[in-house]
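Single-structure report; data block below.
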């Protein structure tokens with residue numbers, strides 16, 4: 027299910043800190059631009075093709 031905004035921010039922060047600590051890549055799929063902006067790199071797919 028969906029998380030409320032506070033819990034969502036906490037979970038995303040935890041994922042970011044953990045991935046940095048363990049030097050691991052995280053692949054996340056979202057339709058939410060605010061969440062996507064937290065990423066170090068964004069890949070957009072439209073109609074099954076990478077567009078940026």
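In our numbering, the protein residues as written are 27 to 78.
Built from N, CA and C at the ideal position, the CB exists for glycine as well.
- With respect to residue 64, residue 42 sits close: the two C-beta atoms are nearer than 8 Å.
- By alpha-carbon distance to residue 66, the top candidate from 36, 52, 28, 29 is 52.
- Inter-residue distance for residue 55 and residue 49 is about 20 Å (C-alpha atoms, whole angstroms).
- If the five residues before and after residue 69 are omitted, its C-beta is found closer than 8 Å to the C-beta atoms of 76, 78, all from its own chain and listed in chain order.
- Judged by DSSP secondary structure, residue 51 falls outside any alpha helix (DSSP H); it is assigned neither H nor E.
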